[in-house]
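First up is the structure itself, then whatever we jot down about it.
Chains as they are written, first to last, in our numbering: chain A, 1 to 487; chain U, 488 to 998.
Next up, the structure:
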């Protein structure tokens with residue numbers, strides 16, 4: 001790949017989404033002392049506008065694909081896909097948070113600024129083609145999300161969540177950094193394309209050293225995407241964090257994490273694929289099994305969704321295990337479908353949780369269909385999609401993933417994964433049972449009517465879920481075209 | 488517009504429109520569902536009119552692109568077997584609307600919406616000609632039934648609904664794995680194209696590969712049938728479902744399994760199917776006898792009918808795995824017969840439940856005195872279910888037993904015991920419920936059939952008589968299609984074909 005060390009004005013266009021996000025994040029922080037408390041809704045509106053602008057910028061940047069800043073960033077279909085995805089997750093996080101923050105009386109500018117910074121980090125990760133940039137993106141995204149997890153600072157559980165997330169997260173980043181250092185020592189470069197060339201070339205370093213670096217990076221990345229055996233933090237953090245933040249954590253950082261996971265392992269470490277495949281294989285199976293079986297036992301909805309998100313990370317790991325472009329495309333499609341359905345499901349939880357997030361139990365969903373048929377119908381779509389019922393995005397996602405796995409002859413992983421998804425059906429059905437087959441309880445009796453922003457936060461992902469389920473071709477085509485990463 | 492597409496899309500459009508109807512006026516939902524299901528039925532009758540009975544192949548084909556890569560096509564068609572199953576679904580849906588008219592009082596709008604969605608899914612399963620599309624409809628039909636059982640069922644409805652969903656789901660994910668595997672090998676989801684490749688030898692499976700694929704398909708279908716020992720979800724689901732749910736479940740949904748075996752599992756994996764045939768036939772016979780014996784001791788009418796379904800469906804599976812023309816014809820005919828007669832039994836039991844609010848046999852007695860017409864209708868249905876000549880089940884059971892006798896006489900002998908048992912449990916139940924001393928509670932609560940209920944009963948009884956007296960009008964197209972299936976199952980199995988040849992010759996003589 002030609003790498004020009006010269007600065008090139010076109011680079012700024014390729015970097016536009018991150019510029020917009022960072023500038024506006026800073027602006028919102030500065031705005032805080034200038035604005036009256038009562039105008040706090042302005043922050044949310046402003047960040048929504050920022051995110052929409054950033055999406056447009058990301059699409060515009062794709063009109064000039066190619067490397068930027070001497071190959072440190074790369075704007076390709078893959079990067080654009082994940083940029084749009086994390087920005088979309090950002091929008092779907094802010095929409096339900098309007099009412100949520102109002103109810104918790106916690107509307108400040110920091111929430112929105114931190115969210116924008118975190119998303120900026122994730123955009124970095126999506127487009128990074130250099131281990132240091134990846135690390136910087138990871139840190140920007142993570143540090144902002146540590147604070148967001150503990151955003152409700154008077155809440156004990158939120159504090160616990162933030163602390164746990166921070167301590168374990170720092171360790172994981174440390175592991176990742178060790179891997180980066182080792183790679184630099186062995187290959188003399190941190191650029192993924194160069195690393196790939198060296199590892200595949202005639203003067204390849206000792207496979208054991210590259211393998212060790214890959215393993216160290218695997219530890220760090222598996223933590224970020226909450227894949228087994230580094231998933232322990234997820235249930236506590238998702239449960240303790242404010243619900244919109246949990247929604248965000250379960251989709252945004254995870255999607256960006258998988259973006260770099262795919263990018264690093266499918267480019268730099270592709271030549272030693274045979275060595276890391278068993279590792280990912282085992283992690284995929286463990287994540288699916290632990291996630292699904294642990295979710296069976298949960299009574300708290302957020303905790304259940306946390307375990308379910310571990311299981312879904314496992315499905316994406318199956319796509320990674322396939323080690324093919326079809327697998328990469330399947331993972332991209334799945335993450336898009338997963339973002340829609342999971343963020344949508346969390347939006348319903350945040351709607352129902354009430355003041356102080358007191359209603360989080362599965363029992364609290366009893367009779368929702370009688371009180372608010374629309375909310376229940378939307379949540380049903382998300383849940384059916386999480387189960388993997390046809391005509392929803394979740395089904396096609398699973399279908400493409402397991403198709404890719406079978407093409408790579410991963411018969412056992414496919415069979416076990418599909419059986420896992422049948423196990424998973426049980427705990428999602430429990431929520432459906434509550435909503436439709438039981439009579440309303442306290443939580444539902446006191447539920448407030450849907451606000452316009454919340455309706456949007458439910459209807460948009462529902463449309464997305466159904467669209468991906470009925471016309472998956474469009475997104476899949478794009479994913480398929482962008483799945484061949486620059487090496 | 489293609490007539491078949493119309494039959495498929497009418498219920499789907501009806502479902503969407505039903506969602507938009509006002510919640511405050513339940514009768515608008517009722518009339519809408521009735522009108523729409525009747526129109527769908529008329530459209531499917533037109534389908535019958537235009538169907539060319541001389542051809543065994545697919546007709547009314549619609550083949551549109553759906554997803555480009557991997558290529559999945561919206562490809563629907565009917566042949567001589569699926570045509571009848573489509574008609575069975577469209578015939579029973581208006582009947583289900585009618586029997587739920589007063590029975591369903593809460594969340595009426597949703598009930599009828601789900602009923603129409605169910606019709607859409609079921610009709611789609613029988614029409615699909617693309618394996619992927621088939622799987623989509625297969626799963627889509629699961630969701631409305633889950634809600635029908637879970638929301639409008641009896642006391643243990645939640646347990647039954649979840650059990651039903653999980654059983655079916657567990658089976659069908661394996662089928663999905665097998666479908667994907669087939670795609671990766673054949674490069675297409677089109678069923679006809681895959682069969683073509685198999686017939687021309689371009690697609691070959693090693694014996695263990697074929698066996699595993701066959702089992703993956705077969706287990707999914709066997710759960711749905713349900714074949715002993717995978718039947719345990721059925722009594723729960725049937726007993727807890729509302730009447731319309733039981734009728735659709737027994738009459739149409741169970742046929743998805745037997746249809747799947749006949750239409751997919753056999754032609755795709757003929758030699759594995761033949762190798763498993765003795766084992767499956769034995770399971771089917773165990774199902775026939777076990778279902779009948781358990782039905783005999785049930786104190787609950789609905790549960791009795793549910794177990795009788797296990798027994799009747801055993802005949803269907805036995806007929807299929809006899810690998811004879813007669814057995815196939817009998818199996819298909821028995822699928823339709825069971826749809827009509829067991830559907831009628833569930834409907835009548837539902838009518839009695841509406842009156843007496845009990846399903847226990849001991850709560851009845853002397854109903855014949857209080858409601859003579861209801862009792863007459865029940866008697867005709869009972870006799871049909873037992874297999875009395877001139878009524879529908881006789882023809883099907885006879886063909887199945889004859890086919891089984893050609894394949895293995897011992898099978899036929901054991902299965903015939905099931906026919907005798909069925910007379911025992913049905914007549915004994917009839918005796919206890921309808922004869923004997925008229926109890927005061929029964930007398931007070933048991934008015935005779937009203938006009939709406941006559942409208943439910945008469946078409947069903949007319950079908951029983953017609954199918955029993957003049958089976959030719961149904962069996963001709965069926966025979967054309969099953970002959971083709973039989974031919975397809977002889978691909979790849981030279982050594983078995985030799986073994987079967989004399990039997991085959993006998994069949995042609997018999998016909």
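All C-beta atoms in this analysis are idealised placements derived from N, C-alpha and C, irrespective of residue type, glycine included. None of the values given here were measured: they were computed from a predicted structure.
| Item | Value |
| --- | --- |
| For a contact defined as C-beta to C-beta under 7 Å, what are the partners of residue 155 of chain A on chain U? | Near residue 155 of chain A there are no residues of chain U at all, since even the closest Cβ is about 34 Å away, more than 7 Å. |
| Between the C-alpha atoms of residue 843 of chain U and residue 892 of chain U, what's the straight-line distance to the nearest angstrom? | 44 Å |
| Taking Cβ positions only, does residue 613 of chain U come closer than 8 Å to chain A? | no |
| Whole angstroms are fine: how far does the CA of residue 324 of chain A sit from the CA of residue 196 of chain A? | 16 Å |
| If I follow the unbroken alpha helix (DSSP H) through residue 441 of chain A, where does it start and stop? | Element bounds for residue 441 of chain A: n/a, residue is neither H nor E. |
| From the beta carbon of residue 299 of chain A, is the nearest beta carbon of chain U less than 8 Å away? | no |
| Are there 16 or more other CB atoms within 10 angstroms of the CB of residue 226 of chain A, so buried, or fewer, so exposed? | buried |
| Compute the Euclidean distance between the alpha carbons of residue 284 of chain A and residue 416 of chain A, then round it to the nearest angstrom. | 10 Å |
| Cβ of residue 650 of chain U within 8 Å of Cβ of residue 726 of chain U? | no |
| Verify whether the separation of the beta carbon atoms of residue 741 of chain U and residue 712 of chain U is less than 8 Å. | yes |
| With DSSP as the reference, please indicate the residues paired to residue 128 of chain A in a beta bridge. | A:73 |
| Evaluate residue 298 of chain A with the Cβ neighbour count: other Cβ atoms within 10 Å of its Cβ, from every protein chain shown; 16 or more gives buried, anything less gives exposed. | buried |
| Is there a C-beta anywhere in chain A that falls below 8 Å from the one on residue 644 of chain U? | yes |
| Classify residue 969 of chain U: buried if its beta carbon has 16 or more other beta carbons within 10 angstroms, exposed otherwise. | buried |
| Ordered along the chain, which non-local residues of its own chain (more than five positions away) have a Cβ less than 7 Å from that of residue 598 of chain U? | 587, 591 and 639 |
| Name the chain A residues that come within less than 8 Å of residue 663 of chain U, Cβ to Cβ? | 399, 402 and 418 |
| So what's residue 551 of chain U in DSSP terms, helix, strand or just coil? | strand |
| Could you check where the alpha helix (DSSP H) with residue 919 of chain U kicks off and where it finishes? | 896 to 921 |
| Against chain U, does residue 444 of chain A count as a neighbour if the rule is that its beta carbon must be under 8 Å from one of theirs? | no |
| Just to confirm before moving on: does the CB-CB distance between residue 407 of chain A and residue 671 of chain U stay below 8 Å? | yes |
| Can you give the beta carbon distance from residue 779 of chain U to residue 908 of chain U, rounded, assuming they're within the 8 Å contact cut? | 4 Å |
| DSSP three-state call for residue 370 of chain A: helix, strand or coil? | helix |
| Tell me whether residue 565 of chain U sits in a helix, a strand or coil according to DSSP, three-state version. | strand |
| Taking 7 Å as the cut-off, is the C-beta of residue 965 of chain U nearer than that to any heavy atom in the ligand GDP? | As far as ligands go, the structure on display features none, and thus does not contain the ligand GDP. |
| Let me know the alpha helix (DSSP H) ranges lying completely inside the stretch 401 to 483 of chain A, each 4 residues or longer, listed in chain order. | 411 to 437, 442 to 445, 452 to 470 and 473 to 482 |
| Rounded to the nearest angstrom, what separates residue 500 of chain U and residue 489 of chain U at their Cα positions? | 16 Å |
| Counting only C-beta atoms, is residue 674 of chain U closer than 8 Å to chain A at any point? | no |
| Please name the residues in the stretch 413 to 437 of chain A whose beta-carbon is closer than 7 Å to at least one beta-carbon of chain U, in chain order. | 414, 415, 418, 419, 421, 422, 425, 426, 429, 433, 436 and 437 |
| Does residue 560 of chain U come out as helix, strand or coil in the three-state DSSP assignment? | strand |
| Where does residue 928 of chain U land, buried or exposed, given buried means 16+ other C-beta within 10 angstroms? | exposed |
| Tell me which residue opens and which closes the beta strand (DSSP E) that residue 68 of chain A is part of. | 66 to 68 |
| Out of A:97, A:249, A:213 and A:190, state which residue places its alpha-carbon closest to the alpha-carbon of residue 41 of chain A. | A:97 |
| Tell me which residue opens and which closes the alpha helix (DSSP H) that residue 298 of chain A is part of. | Residue 298 of chain A -> no alpha helix (DSSP H), and no H or E assigned at all. |
| What residue from U:595, U:763, U:517 and U:808 has the CA that sits closest to residue 894 of chain U's CA? | U:808 |
| Taking the beta carbon of residue 233 of chain A as the centre, do at least 16 other beta carbons fall within 10 Å, making it buried, or is it exposed? | buried |
| Once the 5 residues before and after residue 673 of chain U are set aside, which same chain residues still bring their CB inside 6 Å of it? | 681, 684 and 690 |
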